[in-house]
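Only one structure is covered here, and it is reproduced in the block below.
Number of protein chains: 4
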Amino acid sequence: MARPRTDDKRSRILHAAVKVFAKKGYFGARVSEIAKKAAVADGTIYLYFRNKEDILVSLFDAVMAEHLEQGRQELEGLHGSREKLRSIATRHLKLLGENRDLAVVFQVELRQSTQFMERFTASWLHDYFALLDHVIAEGQEDGSLRPDLPRTLVAKAFFGALDEMVTSWILSRKDYDLARLADPVVDLLLEGAALPRTRSARLALAAASGSGG
Amino acid sequence: MARPRTDDKRSRILHAAVKVFAKKGYFGARVSEIAKKAAVADGTIYLYFRNKEDILVSLFDAVMAEHLEQGRQELEGLHGSREKLRSIATRHLKLLGENRDLAVVFQVELRQSTQFMERFTASWLHDYFALLDHVIAEGQEDGSLRPDLPRTLVAKAFFGALDEMVTSWILSRKDYDLARLADPVVDLLLEGAALPRTRSARLALAAASGSGG
Amino acid sequence: MARPRTDDKRSRILHAAVKVFAKKGYFGARVSEIAKKAAVADGTIYLYFRNKEDILVSLFDAVMAEHLEQGRQELEGLHGSREKLRSIATRHLKLLGENRDLAVVFQVELRQSTQFMERFTASWLHDYFALLDHVIAEGQEDGSLRPDLPRTLVAKAFFGALDEMVTSWILSRKDYDLARLADPVVDLLLEGAALPRTRSARLALAAASGSGG
Amino acid sequence: MARPRTDDKRSRILHAAVKVFAKKGYFGARVSEIAKKAAVADGTIYLYFRNKEDILVSLFDAVMAEHLEQGRQELEGLHGSREKLRSIATRHLKLLGENRDLAVVFQVELRQSTQFMERFTASWLHDYFALLDHVIAEGQEDGSLRPDLPRTLVAKAFFGALDEMVTSWILSRKDYDLARLADPVVDLLLEGAALPRTRSARLALAAASGSGG
DNA sequence: GATGAATGAGCGTTCATTCAT
DNA sequence: GATGAATGAACGCTCATTCAT
């Protein structure tokens, strides 16, 4: 807010940090290297961030704040849990799929320790899960989603599936379009991996046994 | 290589390492602390492990080797992808749900850096995915699973969902029974989160348009 | 390369290093002890030197660079190999005779290992020998030195004799004036230890046998 | 004395030590490496030697004891300081010139620290210098050597010259015959590097001034 | 005597952070 | 605000030595 010209420096530091963290890992990253890449003095970093960890946390905060805000706005214009989940998945995979360094930081470096993980979860991830939860609740209420599955379980599975897509993408050397996986993942999560005729068969079986009984 | 007389010591070091890594994180863990907890001298560690990293890697290798072996054996006695996926999920959640420290190490510490992740993936996780892939392929061939979804995508989603169950469980303070989530997760992944009538409706629609075509 | 503001610190470290190396030996010397004696923090050492070995090498370089330069200048004003050798010997013994710690480092610590020795020889000692060689060559050409002795052999014997004077002086507890040995050593090397009449006798003998033949 | 069969082990350890010390230097040498090369267990070393340093010292003692004893015996059959110095020089250069590893240990490793040097000097080197001193004294008494030069100075110069021949030979990669340098070195030390006519001239001058006086 | 597994003291070096300028 | 020289705590690992077998 009240950080006019110099906000440029803060931003430069954050951008440099993404690159360095992605390349070296959080513990492997040197504050002096971030400073160098940001073209500021080592000491300057400490005018904008409390310490090394604060750089990582701030990075995460900045990205999540924007991502969540934009995500919520996009959801307002959509109807139906199906559409909304598709939107969330697409945005999730797009955000990270468009910036591999950022993805590395989010998938790997932020999970350095339970300490990080907890703060990470406590702040923004919690909001992200709340958003998912809300959409799922809506779906269960409007009859588009099964009400027999616990909402949080569905949310976790949804997040976990997306998360693994990103992780796999990072570790794979291939540079395929991550966002394209959004639709099939949502399809899988909504319709299931089982063949429909499984159900028909089961129903048929049930009918048969029912008629037989 | 260096496997001195007492395998007991090696084992004690590994058990101590799980605890220390879980509590302090890999980078925060001190080799001397592991030694102390294992009741051996600092130097003794290096009779059994090349270095600190080797402790972590060996830990992972040992657990995965046994887990995968037992998993494969159990699968041999089962029929149908549904049963097999249920077995895999249950074993996965049981393994980690029964040892929180081990779970922390697997969920958090092993993901310290892309370097770790890659080795991790390259060795055992690769095998784990291959196992999943195989079961899914079987299902697609015997007609129990949808053939239109890419196998790897299903495998990733399956793994990602389970993985997130574990991570959530670790970060949550509540000590619920993790393994109990196996069935609902498999159910979700197989049948989907959408209400069956969605399909009926679609089928009806398809039938209608089919009859009309 | 890294030459921060105060050359004073670098110099303080080098002076402290001479004392500590002389007292404890290179391997016995602790970097932290050098830092303490130089009144700088341990880490500061590494702003001025790459590592512990670099301190020793830099020390040697600094001393030799100055010593050789001054030596060459002094030689320019002198005439005759006899005078020049006397100058070299005097300066050699003076340099080390005036600073016992430095002498210890040069006589003992720099010879820690063939590795050190080779670097030592390759750089400055090579120049020193070249200087000696040059003076000896001059003497052989102007007829003041025997041409039948290989120059390098004379140079080595000259250096070796001086070197042993220093080593003996260090190991002896007596604090005699080392530089005073310069003249007798040069005298010995130039005139030989044998009594002149040895030659006369030999000449006589040769004459006798010659006349007899 | 009373170390029958096992003296073989002690000897094997010493031979292994020469090689390892020569290759790695005293501080770089690992006791376990010496043990391995000697084909004994690490602990066995400590049945024959007090500690690592004792191996080096014992090595030196053994070599020097034999060398000095044989040297003294050879001198008994010779007459004249010239012949005796030639014998000493030849034996000195032969001993080390025939075993480069041993030479490295004697020239470099034994000079690790003033502590070593002092012990080294105090024990055998002292005897070696006494031997030299004795031969030089004889020469001065029988009129073959100049009486105006301090005996110790001549002894040091003699030793220093030989010592430098060995050191140069070690550091040079060329494998010339070291012992062949004995004669020219003795010649240089006895007759001097200056041209004889220098003396003739001086004698002439002295004669002239003498006749004039 | 011989072994070699076990010990644990010891240290060079790094790097996040500070603060005088 | 900005700098970057200076700080000093912190730690993985080695290896000479011991001692139970």
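Chains as they are written, first to last, in the working numbering: chain A, 11 to 223; chain B, 11 to 223; chain C, 11 to 223; chain D, 11 to 223.
Where a beta carbon is used, it is the ideal one built from N, C-alpha and C, also for glycine.
Here the structure is a predicted model, which is why all the values come from computation and not from measurement.
(1) Taking a Cβ distance cut-off of 9 angstroms, strictly less, list which residues of the segment 186-205 of chain A are near chain B, in chain order.
(2) Can you tell me which of the three DSSP states residue 72 of chain C falls into?
(3) Based on the DSSP secondary-structure assignment, which residues constitute the bridge partners of residue 155 of chain C?
(4) Counting pairs of beta carbons, one from the segment 23-36 of chain D and one from the segment 45-62 of chain D, are three or more of them closer than 8 angstroms?
(5) Measure from the C-beta of residue 100 of chain B to each C-beta in chain A and report whether the shortest distance is under 8 angstroms.
(6) Rounded to whole angstroms, what's the CA-CA distance from residue 60 of chain A to residue 172 of chain A? Just pull it up for me.
(7) Using the Cβ count rule (16 or more neighbours within 10 Å means buried), how would you classify residue 151 of chain C?
(8) Along the chain, where does the alpha helix (DSSP H) containing residue 242 of chain A start, and where does it finish?
(9) Out of D:27, D:17, D:194, D:185, which one is the CA nearest neighbour of residue 95 of chain D?
(10) Specify the secondary structure class of residue 49 of chain B as computed by DSSP and reduced to three states.
(11) Could you name the residues of chain C that residue 181 of chain D contacts, counting a contact when the two beta carbons are closer than 7 angstroms?
(12) Give a yes or no on whether 8 angstroms exceeds the smallest Cβ distance from residue 74 of chain C to chain D.
(13) Check the Cβ of residue 178 of chain D against every Cβ in chain C and list those closer than 7 angstroms, keeping chain order.
(14) Whole angstroms is fine: what's the gap from residue 179 of chain A's alpha carbon to residue 110 of chain A's?
(15) Chain C beta carbons: is any one of them nearer than 8 angstroms to that of residue 27 of chain D?
(16) Under 8 angstroms Cβ-Cβ, which residues of chain C neighbour residue 7 of chain D?
(17) Does the beta carbon of residue 31 of chain D sit closer than 8 angstroms to a beta carbon anywhere in chain C?
(18) Which bits of chain A does residue 110 of chain B rub up against, with CB to CB less than 9 angstroms?
(19) Alpha carbon to alpha carbon, how far is residue 105 of chain A from residue 77 of chain A? Give it in angstroms, no decimals.
(20) Classify residue 90 of chain D as buried or exposed, calling it buried when 16 or more other Cβ atoms lie within 10 Å of its own Cβ.
(21) Hey, is residue 121 of chain D's beta-carbon within less than 8 angstroms of any beta-carbon in chain C?
(22) Among the candidates C:154, C:99, C:174, whose CA atom is the shortest distance from the CA of residue 114 of chain C?
(23) So with CB distances below 7 angstroms, who are the chain D contacts of residue 159 of chain C?
(24) Note down the Cα distance separating residue 86 of chain A from residue 141 of chain A, rounded to an integer number of angstroms.
(25) If you follow the alpha helix (DSSP H) that residue 176 of chain C is part of, which residue opens it and which one closes it?
(26) Measure from the C-beta of residue 156 of chain A to each C-beta in chain B and report whether the shortest distance is under 8 angstroms.
(27) So with CB distances below 9 angstroms, who are the chain A contacts of residue 118 of chain B?
(28) What is the DSSP secondary structure of residue 40 of chain A, reduced to helix, strand or coil?
(29) Looking at C-alpha atoms only, which residue of D:129, D:191, D:190, D:205 is the closest neighbour of residue 197 of chain C?
(30) Report all residues from its chain with a CB closer than 7 angstroms to the CB of residue 102 of chain A; omit the five preceding and five following residues, and keep chain order.
(31) Check whether chain A comes within 8 angstroms of residue 64 of chain B, counting only Cβ atoms and requiring the distance to be less than that.
(32) As a quick exercise: from A:124, A:153, A:137, pick the residue whose alpha carbon is nearest that of residue 31 of chain B.
(33) Roughly how many angstroms separate the alpha carbons of residue 27 of chain D and residue 66 of chain C, rounded to a whole number?
(34) Against chain B, does residue 163 of chain A count as a neighbour if the rule is that its beta carbon must be under 8 angstroms from one of theirs?
(35) Tell me the DSSP secondary structure of residue 143 of chain B in three-state form.
This is what the structure gives:
(1) Per Cβ criterion, the list reads 191, 194, 195, 197, 198, 199, 200, 201, 202, 203, 204, 205.
(2) Reduced to three states, the DSSP call for residue 72 of chain C is helix.
(3) In the DSSP output, where bridge partners are listed per residue, residue 155 of chain C has D:204.
(4) With the cut-off at 8 angstroms, the segment 23-36 of chain D and the segment 45-62 of chain D touch.
(5) Output row for residue 100 of chain B: interface = no.
(6) Roughly 32 angstroms separates the two Cα atoms.
(7) Label assigned to residue 151 of chain C: exposed.
(8) This structure cannot settle anything about residue 242 of chain A, because the visible part of chain A is limited to 11 through 223.
(9) Just measuring C-alpha positions, the residue of D:27, D:17, D:194, D:185 sitting nearest residue 95 of chain D is D:194.
(10) Here DSSP, grouped into helix, strand and coil, assigns residue 49 of chain B to coil.
(11) Near residue 181 of chain D (Cβ distances below 7 angstroms), the residues of chain C are 127, 128, 131.
(12) Put simply, the CB of residue 74 of chain C is far from chain D, with every gap to its CB atoms at 8 angstroms or more.
(13) Chain C residues near residue 178 of chain D: 166.
(14) Cα-Cα distance, rounded: 9 angstroms.
(15) No - not a single Cβ of chain C is within 8 angstroms of the one on residue 27 of chain D.
(16) Beyond the ends of chain D as shown, which are 11 and 223, falls residue 7 of chain D; an answer cannot be given.
(17) Taking 8 angstroms as the CB threshold, residue 31 of chain D stays off the interface with chain C.
(18) Those within 9 angstroms of residue 110 of chain B in chain A number zero; the least Cβ separation is about 11 angstroms.
(19) Counting only the Cα atoms, residue 105 of chain A lies some 8 angstroms from residue 77 of chain A.
(20) Classification of residue 90 of chain D: exposed, given that the 10 Å Cβ count is below 16.
(21) Judged by the 8 angstroms Cβ criterion, residue 121 of chain D is in contact with chain C.
(22) Answer by Cα proximity: C:174.
(23) Simply 194, 198, 203.
(24) Rounded to whole angstroms, residue 86 of chain A to residue 141 of chain A spans 12 angstroms at the Cα level.
(25) Its alpha helix (DSSP H) spans residues 161-181.
(26) Using a Cβ-Cβ cut-off of 8 angstroms, residue 156 of chain A counts as an interface residue toward chain B, since at least one Cβ of chain B sits closer than that to its own.
(27) Under the 9 angstroms cutoff, chain A gives 121, 122, 123, 124, 126, 127.
(28) The answer is coil: DSSP assigns residue 40 of chain A none of H, G, I, E or B.
(29) When C-alpha distances from residue 197 of chain C are compared across D:129, D:191, D:190, D:205, the shortest belongs to D:205.
(30) Excluding residues within five positions, the ones whose Cβ falls inside 7 angstroms are 172.
(31) By this cut-off, residue 64 of chain B is not an interface position.
(32) Cα-wise, what sits closest to residue 31 of chain B is A:124.
(33) Within the model, the alpha-carbon separation for residue 27 of chain D versus residue 66 of chain C is close to 27 angstroms.
(34) So, interface residue.
(35) Taken through DSSP and simplified to helix, strand or coil, residue 143 of chain B comes out as helix.
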